[in-house]
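Residue numbers (full-length UniProt numbering), protein chains in the order written: chain Z, 1 to 500; chain D, 1 to 500; chain X, 1 to 500; chain G, 1 to 500.
Here's the structure we're looking at; comments come further down.
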C-alpha cells in the first residue's frame, strides 16, 4: 500500500554535512594521474570541501629526511611532493583535513608497519623531533599558502590509535597528542582527536577527554570513525561481513554525543566522523553495489543531526592498502572505480550535494527538502538480499505545496539496470583491466536514468507518486515552469506526434 | 504476435551510404561558433565524409568583388573566409561537396532572390566571368590544400534549377552547366548535376542527360533531391504536411535509376541524393520528433541499394533560410538543435554509422548486420500518430548464430521518455532560449537509454527478443565476451547483492 | 645622455582606466568562432570589463521583426542571437556597454546606410515603436540575466550622430535620445550620450547638455570619441594619414571637461571615450605597427586623469566595415589580427593591465608604478619615421627605492625584431591567408622578448638602466626575491657553467 | 675569423637517430600526473618513438605476486598498473623499449638493492619462475595490444650487469639472458643485451657475443650505455665531474662497432645505446645548463654514423634514484624540469627532430641539412667554462644553394639570456618549489629566442652569416617564400613605419 503524505510548506534547516569531507588513499597516491582524474570528477559533480588521507609523513611523500653535517644527523625537510599534492588539491577547490602520521623511517622506534605500503606505526624515537616535524610542516604550508588559508585546515593527531595503527600504548598516544597539539598551536589551526575506530570507544573517549582537560591541552574538535559491519570473513581474494542496520551508525553518534555531554568543556565541540563506510576493507563487494547507494543514503539523511561531518572512506579506488587492485571492480572503497567509472554510491553523494537547505519531511526511506523555488526529494530502499528474497517496493503518494501553476519533475534513478556498472562489468565478463570499448560502455552505464514529467497545481498541491524498488535510489527535483506554449502561433499539439 | 526469425550466418555486403555526405546551412554560417560546435559533435559521433551547403558564391562568404583599375571594373577574389571555412571543415575531418552558387551581387543579371538571406538566383551577367570565378576558386583551393586533396571534392552546378532557386530557363541552366563543368575540367574534380528536386523529374533528367551526351559535356555523377511530404499547410509560424511512406523515396530512387538506365553513358554513373528529408521546410515539427528517427531509419536501411549517397538536410539547426530561428526547438532541419542538443534522428545516423559491413537480414522494421566478431541490429517502428492512435508494437524473437559461448547485448533505445528532448523541452515550458540549467537537463535528456544483458550460446544461437514500440528506434550491439569469473578466487555471487 | 631619476617611495593613485572598455566589430560578428577565439585571448591576458560594438538592432542580430496578425503588422522580438552573444560575453567575463542602434529594416524611415554591412542610419518611422524596442530588449535582458547584473551595463544612445551615422538632424537625435532614455529609465541602467566624434564638438556638446537640462532628461554620463589623425588619403586598398601627437587626444579630453564644467549638473559626470585610436579607418597600416604600441602607451599613461574610460577601437580584426578583410594583416583596428596573432599594441594594453595602483613617476616616455611589493615600469618611444630617420633612443638611469635586499627585474620588450608580427608576415611574403606553419611562426613572433636580471639593494635603492629604442615599448617588473642559495649544500657557482 | 663555406646542393642521407628512444625514471613513476604532463610536452615537440625505463618487474608496478593455494605459493600476475602505464604511453604515441628487471620481492635470492627506491639486484631464486614471469608478461601484452603492435617493442635483458645493478656474476647474467631470451622467443620480439655501461667493455662484449654464438642464443641487437664524464666528486648535495670531449662517446661507439666486427654473426646487428648523457648522476648541474645543450648537439650530429639509437637519459626530472628531488632545478637528468619547465637540452632534441633527411655539410660546430624545399642548419659551441674564460665565438659565412628567389630564415637561439631557465631560476632566488608566478616566468624563460629575416637569391645562393657564442645553440630554418607584395594595391613601404 502506498503511503499518502502531505508535505508541509515549511520545515527546519536540513543538517546536511554530506560534502564536508571525503577520504582518500594515502597522500603519496595523490601524485598519480588516475587519482587526480577521479578527484576532478568528484569535485565537478559533488564538490567536497575537505579531503583526508593517511601517510602525510610516510616516506613516499618524502618530507622527513636526515643529512649528515659534521658527523651529526640533521633533519632535512623536503616539500617537493607535499607542495605538488596541496597545489593539486587547491586547483580542484578541495582542502586538506590534515592527519599527522605515520612515522618517517628516520624517526621510527620500531619495525611495526601496517598495510601493503608499510606505514610505520611506532611512536617516534624522539618526541621533540616529531614536534619539530609537525611545526616545520605547518610553518612551511603557511609560508607557501598564507595563514588565512592554512588555518582553515583541521589537524588530527594520528589515526585509530586504539588498534593496529598505533604500536604504542594509550598513554603514548596522549603524549604524541600533547607534543603535536601544543607545538602546532603556534598557528591557530583547529586540532583534534582521538580518531578512534569503534573498539573500546567509551574507555578511549573518556580517558582522552579527561587527559586533555587535566593537562589543559588544546582540543578543538572530537573525531572518531564508524563502520557498520560485523566480523570479516575471508573467502579467497574477497572479504564478506554481516552488515548492520544503518541506524547502527546513528546510535554510535548518539552514544558519542552522550559521552561528550558529560564534559562541559567538550559537550559542544564539533564532532567529526573522519571515516565512515559500511565495510572497512577494500575488497568487500558491497561498496560497488546499488545496495550501498541506498544504504548510505539512509545514513546521510540523519547523521547531520549528531555529527558535524562524516567523511566517506574513500572518494576513489586509487588505493593500495591491500596491495595494487587486481581488477576494475574489486570491492574497493571508492566513489569512483578505476578508469573513472562512477559507482552507484557516487550518486548518493551527488544527490545529497543537491539537497535543499530546508527539511520538510523525513522517514526511513525518504527526505523532502526545498530551497526557495525548488524541491529536492531523495528516496532509497536498501535491503540485504543476501538473506533471501528482494524486499518489497516502497510506495508513496506525496502532496507537495505548489510553487507555481506548472512545474517540471526531473527524476534520476539508480538501481537495477541503471547506474549499475558492476552488473555491466559482469556482463562484459568481469575483465581485469578495461579496454577502450569496455570503458565507453561502462561510462554510459554508470549514469542514472533521467526522465521528466509535467506537474500541475491541483488545489495548491502537486501530486507525486513514487515507487522505490529494492536497492534503488531516486532523486526527484521539482522546478517551477513558465509555459510559453501560447506564444507559439500556429502550435497544434497533434502535429508534434504525441508531444504533451 | 512476435516474428520468429533465424538469422543466417552470412549475407551480402550492406550498401550503407548513410555517412557519405550531410547537408549544412549556407556556407557563410560555417563562420559561426555554434555551427562549429555542432559540427564537432556530429563528427565525433557520426563522422560524415562530406558536407554540402548553399551559398559558396554568396556575398557573405565574400569571394567575388570588383575593384576599379584605370576606370575599369576588375574582378577581385577574396578567399579570407573561404579558407577559414575549409580549414575548419578539414580540422573536423569533413570535406566540402562543392555546390556552385548562388550569384554574387556583381555578377547578377536580375533581382530575384531566395530566402531570408537573399541568395540571388539569376543567371550571370557574363558566363565568362562566372566560369572564371569557378576556375579561380578551384585553382585557389588546389594551391592551398593540394591537388591530391581537392580532386576528391565533388562539384555540383547550382541547386534545384527546376524551381525558384533558378530564375533562368532550363536552357540557361544547361549553359551554366556547360560553362562551369568545362572550365573546371582543367583540374580533375568530379562534376555533376542537375541537382533537381522532385518536380518534372523525368523531363529534366532526360533533357539534361541528352544535352550532356550531345554536347559531350563532362558528367561524372547524377544528383537530385528527395523530400517525402505533401503540400505545405501554414499555421502561424509552423508548416505542416501530409507525410508519405518512406518507400516513396525508395520509389523515386528506382525511377531515377530507370531513367538513367536508358542512357548507356549514364546508366552506371554514381547517383548522389544531395538533399533528402521528410519535410523540406525548416519550421516543420516532424524534424524534432522520435517519429522522424524511426522514419529515416527505414530509408537508410535500403536507399544504399539505389543511391551512392543520400545527404540528410541538414546536420544543424544553425540555419537561416526562414529567418533567425525563434526558439530552441522550432522544426528546423538539424540533427543537432540549438545549444548542441542532439535530436532523436541524430541517433539514427549514429546507429547506421555503427552498422556492420555485412547484411544478414532486412525487413521493413529491422536490419541485422555484422562485422567479423560483432553484430549490430537496428530496429524502428514509425507510425504517423497524427492520423489517430499509436501503432502496434513490433515484436521479434531472433535466433542469431553464436560468435562465442558468451556475449553481451548492448541495447540503445530512442523514443518515449528516452532521447526525446522535444518532450523535455515541452515539459520545461517550451522556453524560447535556454538557460544553463535547462541546457544541462536537455543534454542528459537527449541520450539514448543504454542497457545491457548477457547472452549465452544455445545450440549455436543467441536468442534475442525485441519489442519495438510505436515511434521508437533501437540499436542492439552484440559483442563476444570472455568470462573471467572463474579467476576470482572466493567469488560468491550472493555476496554481490544480486549480481548476475 | 641618459636621464638620471630618483623615484620617490610614494606617489598618488594611478588613474588607469585602460581596461574599462574595449571596442568590437558589429555585434552580429560576435556569433563568429574567430571573434570568440580572439575575445578569449584578450580576456586571458588583458581582461577588459566592458565591450562595446555597433549593430545591436541591426537585422543580422535579428531582434526586431514584424508578423501579421489579423491583417496588422505586429512587433515580434527574437532574442535567439542576442542571448547567444551575451552568454558568450559573460562566459568570458566581459559585459556589454550597450549602444542603441542602428535602425531595424522594419522601423527605418529611409534608405541611408553605412558600411559594407549596410547599417541603416535613418530615424525611426515611429519613435514609440523604437522606445518599445529599447524597453522590451532591456526588460528581456533583466528577465534572463537578473536586474543586479544588467543595471551595471551602461547604455549609449546611437553612435556619432554628428556625422554620417545619423541621417537625421541634431534635433531628431535629441528626440531619439529622449525616447530612448526616458523609457529605459524604468530600469536603472546608466544612460548617456551624445557619442559624437570630433566634429563640431563644442556645438553638439553644449546643445545636448542644454537640451537634457532644460527637459530634465536622464543623463548619467557623457560620451564622445577621439581619433588623432588628419585627412584620409586613399592609395589603392589602403588609407594613410598625417598622425597627430598623442597629446592631441589629451587636449580633446581637457576641452571636453572644460565644456562640461560650465554646467554644474554635468561637470562631475563620468566622461567615457567610447572609441579611440590613432586612425579611424580599418585599412590603415599604423594599427599593425610597433609605432602604434608606443604611441598608444603615451595616451594610456595620462588619459585617466581626464576620462573615466577610453575604449580602444577595437579588440579584434574580425571586422567588416570596409568589407571582409583581404589579408592576414591589412591595417585593421584589432589588438588581435586574424588567426589569433597578437599585434604590438596588444601588449600596450597587457602592460597597462599589469600596472601598479600607485603612480610614482611619469614623463612623456615613462611611468613608474607600484603595488605593495612590486614595481611596474612602462616605457615607450614613438616616432613617426615616415617623416625621415628613426628618432633617438631614450635613456634612463633610475634609482628605485628598494623593497628588499634582492629583487628580480623582468623585462618585456616590444619593437624591432620582437613582438613585431607585421615584419615577420612581410618576411613570409605577405601571404593573404596563413597556412598552419605560417601561423605557428607568427604566433611565436608575436610575443615580447622576456629577459630577467638580479637587482641588489645599494644604499636603499635599485639601479636600473633602460634604453628605449625608437618605436619600442618596454615593461619592467620588479619583484622582491628571497635568496635560497645558502641552503644548497655544496653549491659551487663555477660548476654551474657561468650561472650568476 | 669567420669561416666561409659554400654548401653543396646535394649530400648524403643524414643518419639521425636522435628521436628513436628516450630514457625514463622507473616505470612506477609513469603513474604520476607530473610524469605524464612532461611526456605530453616531449611528444608534442620532439616525438620520440620509444621510451625505456627501469623497474618493469619492481614491486611498485605490482606485476609479480604470490598467493597461497592449498598451502602452496602460486604465482599471481597483476597487470592493473602495467596496462595503465602502457595505455598512457600509446596515448602519447610512444612505445616501450622493454627492459626486463629488476627482481620482484618474491623472486629475489638476496637483499642487495640499488637506489633510493631499492630495486632488488639479485638473481632469481628460480630461473624457471623468472622465465615464466617474462613469458606471461609478454603474452599478456600481446593479448591486450595485439601481436602486430607488441612485436615492434624491443626487449633488453636487465640493466648494466657489469656493475652494481647486478648482484650476480657474469655467468649468472648469461644464464638470466638465456632464460629470458629463449622463452620470450615464443613471440618474435627483438631481444638484445648485454646493456653494459663502460666498465670492462671489451671483456663483457666478447664474452657475451661468444656465449650467444656458442649456445646459439637469440641476439637481435647489441646494447650498451655511454656516459662521458670522469670520477664523481661529491660536494654536499651535488656531484661534479671532469667532462670529457663529446668525441669520447664517438670513440666508444667506434670501438664497440670494431669489437662487433670480429664476429660475422654480430657485425651487422643494430647497436642501441640505451642510455647516454654527460654525467651519470641525477644531481649534477651540467644537465641543466646551456653548455649541455651545445655539448649534446655535437654528439647527435655524428652518433648516427655508428649507432642505431642513442637514448638520452632521461626525458623528465620526475625521477627518484637519489631520493625525491629537493628543488625545482637540482641537476636531474630530464629534458624537462619539474613543473614542466623545458631545459636548454630539450631544444637540442627538438632541433634535431626537425633536421632534414639529407646531410649537406658537417663540422665540429655545425650541420647543414635539407629536405626537398627546406634547409635546417644547427650550430653549437660548447666550452667548459669551469676551466677558465668563455671560449671564442664560432663565426660562419655560408653560401647556400638557392631554393627560390626569396626565402625566410627563421633563427632559434638557446644560450645566454635565452632558453636558459636555470639562470632565471637563480635570479628568482633558487626557490625549492615554485609558485604560480614563478612558473609563469620560467615557462616564458625556457623558450628559444625566435627571429626571422628575408633572404634573397644572389647568383644562385643565399648568404647567411652566423655567429655562435660560447655555450649557445642555434637552429636556422630556411623556407622558400612567394612574395605577394605586388598584389597589394597602394602599398607604400614608408607608410608601414619601417617595414622591410
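Just so it is clear, CB atoms sit at the ideal spot from N, CA and C, and this is done for glycine as well.
Remember, it's a predicted structure, so these values are computed and weren't measured experimentally.
Evaluate residue i with the Cβ neighbour count: other Cβ atoms within 10 Å of its Cβ, from every protein chain shown; 16 or more gives buried, anything less gives exposed.
i: residue 70(X); result: exposed
i: residue 156(Z); result: buried
i: residue 6(Z); result: exposed
i: residue 74(Z); result: exposed
i: residue 452(D); result: buried
Give the DSSP-derived three-state secondary structure of residue i in the structure shown.
i: residue 494(G); result: helix
i: residue 395(X); result: strand
i: residue 234(X); result: strand
i: residue 229(D); result: strand
i: residue 376(D); result: strand
Measure the Cβ-Cβ separation of residue i and residue j and say whether it is below 8 Å.
i: residue 318(G); j: residue 34(G); result: yes
i: residue 101(X); j: residue 54(X); result: yes
i: residue 266(D); j: residue 225(D); result: no
i: residue 239(G); j: residue 137(G); result: no
i: residue 414(X); j: residue 472(X); result: yes
i: residue 408(X); j: residue 427(G); result: yes
To the nearest whole angstrom, what separates the beta carbons of residue i and residue j, a pair I think is in contact under 8 Å?
i: residue 450(D); j: residue 482(D); result: Actually they do not touch by this definition, with Cβ atoms about 22 Å apart.
i: residue 179(Z); j: residue 131(Z); result: 4 Å
i: residue 116(D); j: residue 320(D); result: 6 Å
i: residue 381(Z); j: residue 470(Z); result: 6 Å
i: residue 120(D); j: residue 151(D); result: Incorrect: roughly 29 Å between the Cβ atoms, too far for contact.
Does the stretch 12-29 of chain G come close enough to the stretch 311-324 of chain G to have 3 or more Cβ pairs within less than 8 Å? yes
Are the stretch 5-18 of chain D and the stretch 353-372 of chain D touching, with three or more C-beta to C-beta distances below 8 Å? yes
Cβ pair count under 8 Å reaching 3, the stretch 335-342 of chain Z against the stretch 360-368 of chain Z: no
Quick check: the stretch 457-467 of chain D against the stretch 426-439 of chain D, are there 3 or more CB pairs under 8 Å? no
Taking 8 Å as the threshold, find out whether the stretch 36-52 of chain G comes into contact with the stretch 293-304 of chain Z through three or more Cβ pairs. no
Output, in sequence order along the chain, the residues in the stretch 21-49 of chain Z whose CB is closer than 9 Å to any CB in chain C. Although the question refers to chain C, the structure presented lacks it and instead comprises the protein chains Z, D, X and G.
Taking 8 Å as the cut-off, does the stretch 210-218 of chain D touch the stretch 236-251 of chain D (at least 3 CB pairs, one atom from each stretch)? The answer is no - the stretch 210-218 of chain D does not touch the stretch 236-251 of chain D, with fewer than three Cβ pairs under 8 Å.
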